[in-house]
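Heads up, the thing below is written out as structure tokens.
In my numbering, the protein residues as written are 1 to 487.
Structure (structure tokens):
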């Protein structure tokens with residue numbers, strides 16, 4: 001077995017534009033949005049890592065891919081993994097890790113219907129046949145592009161060094177407001193008389209991993225922030241949101257790629273309109289003359305400029321690199337009968353209106369071009385199917401109390417990275433970081449298809465993200481992930 005002293009550490013970078021060539025459904029809202037052009041490109045950024053023995057044998061390997069998508073469908077992971085397993089003989093395809101930036105203006109890439117009945121492939125994810133590329137066709141479009149970019153990064157590996165740093169940039173805010181009656185609400189107003197407190201913590205940490213060549217020239221950056229990419233979340237144009245501003249400016253200044261990671265941020269948001277300082281924040285932004293995306297990027301870039309010289313003071317030319325990947329069975333969040341009764345009542349109340357919309361569409365197919373109409377219709381359909389899904393999960397939990405989840409962890413020198421597929425509430429990320437033995441720990445959420453993983457505090461408050469329809473697992477499942485990641 002190779003030891004640290006007789007292994008080499010290799011890195012390779014690449015990036016590919018995955019912007020669609022025609023209108024697509026934009027993911028991130030309950031209602032359908034057919035894209036009206038491209039505001040900023042969406043990309044997949046790739047970092048290939050490997051430790052190699054003196055004999056040239058691979059000791060450990062991983063390919064990290066960050067995509068400007070709302071989440072990562074299992075079919076995308078499976079198809080890229082299968083392709084790389086065939087094309088890269090010296091890469092262990094179990095080391096493929098794909099995470100989403102969680103932009104709410106990304107193409108809808110899933111190949112199954114949103115809130116569908118049976119999980120079948122569905123050409124019309126919102127029931128109504130709207131004038132947009134089918135999500136499975138967009139998936140077909142991006143898979144070969146991502147595979148090619150991964151192969152390019154792998155074949156471009158070279159002996160490398162790394163450094164890491166911690167700074168601070170205010171991007172994310174806790175989005176859940178609690179009231180004196182014990183209830184909480186996503187984006188609830190602090191100005192209401194019953195306002196008590198903001199439900200949870202905020203993490204303004206900026207975690208950086210920089211790669212260098214043997215001459216200590218910068219070759220790439222991993223940027224880890226506890227903030228989903230949602231400042232442009234209601235856009236009708238394809239958008240990478242503020243990550244586009246960050247990445248393009250890093251490329252302009254330093255000539256390198258930047259791989260985006262969202263840390264534990266299931267209860268976080270870049271929005272601050274619900275917080276006490278909202279009016280003054282808006283005033284200061286207006287004075288600056290910057291867009292929200294430009295201002296958020298400015299905060300990151302200013303701190304990056306301060307940290308880069310400090311990173312150069314401690315560069316590790318042969319970091320220890322290890323990976324652990326495991327498919328585990330996670331307990332489902334058990335849905336009580338009271339919630340099922342409520343969901344059934346909701347679905348019955350919506351059924352008549354939903355059926356009326358279907359009949360209206362059947363009688364006038366020109367409605368597919370009326371975005372006001374189809375926004376209302378598809379939102380109704382989503383809420384109707386969301387209530388149905390709670391009832392179906394209640395039946396499923398009787399025979400299938402657990403479900404499979406893939407987890408990954410990396411060690412790169414003095415840092416650790418822990419990946420999970422959920423919208424991971426911040427408390428759990430803080431627990432992993434507090435108990436980790438690494439000097440610095442990067443949490444990466446949405447390395448998979450998603451669903452929220454809320455805290456008991458949030459479940460008690462009943463805000464969106466903590467209700468049964470938003471979650472597949474609960475506090476017990478979160479504890480399992482925390483324990484696995486720390487171990």
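All C-beta atoms in this analysis are idealised placements derived from N, C-alpha and C, irrespective of residue type, glycine included.
Starting from residue i, trace the alpha helix (DSSP H) in both directions and tell me its first and last residue.
{"i": "residue 405", "result": "Taken as a continuous stretch (DSSP letters only), residue 405 belongs to no alpha helix (DSSP H), being part of the beta strand (DSSP E) at 402-412."}
{"i": "residue 224", "result": "From DSSP, residue 224 is part of no alpha helix (DSSP H) but of the beta strand (DSSP E) over 218-225."}
{"i": "residue 200", "result": "Element bounds for residue 200: n/a, residue is neither H nor E."}
{"i": "residue 369", "result": "First-last for residue 369: undefined, no H or E at that position."}
{"i": "residue 351", "result": "337-363"}
Please check the pair residue i and residue j, which I expect to be a contact at CB under 8 Å, by giving their CB distance rounded to whole angstroms.
{"i": "residue 368", "j": "residue 195", "result": "No, residue 368 and residue 195 are not in contact; Cβ-Cβ is about 42 Å, not under 8 Å."}
{"i": "residue 110", "j": "residue 188", "result": "Not confirmed; about 30 Å, so no contact."}
{"i": "residue 153", "j": "residue 48", "result": "4 Å"}
{"i": "residue 266", "j": "residue 227", "result": "Between residue 227 and residue 266 the Cβ distance is about 11 Å, and since that is not below 8 Å, they are no contact."}
{"i": "residue 464", "j": "residue 423", "result": "So it is not a contact: roughly 11 Å between Cβ atoms."}
{"i": "residue 105", "j": "residue 14", "result": "24 Å between Cβ atoms; not a contact."}
Can you tell which of the options has its C-alpha closest to the C-alpha of residue i?
{"i": "residue 91", "options": "57, 77, 37", "result": "57"}
{"i": "residue 320", "options": "473, 182, 411", "result": "411"}
{"i": "residue 309", "options": "89, 164, 438", "result": "164"}
{"i": "residue 177", "options": "191, 192, 198, 170", "result": "198"}
{"i": "residue 377", "options": "396, 437, 356", "result": "356"}
{"i": "residue 217", "options": "238, 186, 185, 162", "result": "162"}
{"i": "residue 88", "options": "406, 50, 364, 483", "result": "50"}
{"i": "residue 440", "options": "418, 272, 396", "result": "418"}
{"i": "residue 8", "options": "59, 215, 44, 347", "result": "59"}
{"i": "residue 477", "options": "159, 300, 333, 323", "result": "333"}
{"i": "residue 130", "options": "375, 430, 479", "result": "375"}
{"i": "residue 393", "options": "450, 433, 431, 473", "result": "473"}
{"i": "residue 239", "options": "38, 451, 437", "result": "38"}
{"i": "residue 438", "options": "430, 414, 458", "result": "414"}
{"i": "residue 268", "options": "329, 316, 277, 201", "result": "201"}
{"i": "residue 67", "options": "133, 31, 146", "result": "146"}
{"i": "residue 371", "options": "36, 12, 184, 352", "result": "36"}
{"i": "residue 254", "options": "132, 210, 84", "result": "210"}
{"i": "residue 103", "options": "27, 359, 257", "result": "27"}
{"i": "residue 185", "options": "351, 70, 460", "result": "460"}
{"i": "residue 155", "options": "284, 84, 294", "result": "84"}
{"i": "residue 234", "options": "212, 31, 442", "result": "31"}
{"i": "residue 77", "options": "475, 458, 446, 485", "result": "446"}
Enumerate in chain order the residues of its own chain whose CB-to-CB distance from residue i is below 7 Å, with the five nearest sequence positions on each side excluded.
{"i": "residue 135", "result": "25, 108, 109, 110, 111, 125"}
{"i": "residue 52", "result": "7, 8, 10, 58, 59"}
{"i": "residue 286", "result": "none"}
{"i": "residue 489", "result": "Summary: the structure shown does not reach residue 489, with the chain confined to residues 1 through 487, and so no result is reported for it."}
Just to confirm my understanding: we take residue i, look at its own chain, exclude 5 residues before and 5 after, and list those with CB closer than 8 Å. What are they?
{"i": "residue 354", "result": "380, 381, 384"}
{"i": "residue 303", "result": "167, 168, 169, 206"}
{"i": "residue 390", "result": "335, 339, 340, 343, 468, 469"}
{"i": "residue 347", "result": "384, 387, 388, 391"}
{"i": "residue 489", "result": "In the structure displayed, the chain extends from 1 to 487; residue 489 sits before or after that span and is not available."}
{"i": "residue 480", "result": "328, 330, 331"}
{"i": "residue 401", "result": "331, 332, 334"}
Considering only residues of the same chain and omitting the five flanking positions on each side of residue i, which have a CB-CB separation below 6 Å?
{"i": "residue 117", "result": "For residue 117, the pLDDT reaches just 46, beneath the cut-off of 50, and the residue's location in the model is therefore unreliable, leaving the point undetermined."}
{"i": "residue 142", "result": "18"}
{"i": "residue 204", "result": "168, 170"}
{"i": "residue 327", "result": "404, 406"}
{"i": "residue 72", "result": "98, 100, 448"}
{"i": "residue 297", "result": "242, 245, 246"}
{"i": "residue 214", "result": "159"}
{"i": "residue 278", "result": "272"}
{"i": "residue 65", "result": "44, 46, 98"}
{"i": "residue 455", "result": "425, 427"}
{"i": "residue 300", "result": "169, 246"}
{"i": "residue 23", "result": "34, 35, 132"}
{"i": "residue 317", "result": "161"}
{"i": "residue 325", "result": "94, 408"}
For the beta strand (DSSP E) containing residue i, list its first residue and its last residue.
{"i": "residue 258", "result": "257-262"}
{"i": "residue 473", "result": "Unbroken run through residue 473: none, as it is neither H nor E."}
{"i": "residue 9", "result": "7-17"}
{"i": "residue 327", "result": "321-331"}
{"i": "residue 253", "result": "Premise fails: residue 253 lies in the alpha helix (DSSP H), 242-254, not in any beta strand (DSSP E)."}
{"i": "residue 237", "result": "Looking at the DSSP string, residue 237 is not in any beta strand (DSSP E), and its letter there is neither H nor E."}
{"i": "residue 57", "result": "Here residue 57 belongs to no beta strand (DSSP E), and DSSP marks it neither H nor E."}
{"i": "residue 419", "result": "415-419"}
{"i": "residue 25", "result": "Segment: none, residue 25 is in no beta strand (DSSP E) and carries neither H nor E."}
{"i": "residue 32", "result": "Segment: none, residue 32 is in no beta strand (DSSP E) and carries neither H nor E."}
{"i": "residue 70", "result": "First-last for residue 70: undefined, no H or E at that position."}
{"i": "residue 184", "result": "184-186"}
{"i": "residue 443", "result": "440-444"}
{"i": "residue 434", "result": "Unbroken run through residue 434 is the alpha helix (DSSP H), 426-435; no beta strand (DSSP E)."}
Taking 7 Å as the CB-CB cut-off, is residue i touching chain D?
{"i": "residue 202", "result": "Of the protein chains in the structure, only one exists, and it is not chain D."}
Should residue i be listed as close to the ligand HEM, given that the test is whether its C-beta is under 6 Å from any heavy atom?
{"i": "residue 154", "result": "You won't find the ligand HEM in this model; it holds no ligand whatsoever."}
Alpha helix (DSSP H) runs wholly inside the region 92-178, at least 4 long, in chain order: DSSP runs (the alpha helix (DSSP H)) wholly in the region 92-178: 135-155.
Which runs of the alpha helix (DSSP H) fall wholly inside the region 284-311 and span at least 4 residues, in chain order? Counting whole runs of 4 or more residues, the region 284-311 contains the alpha helix (DSSP H) stretches 292-311.
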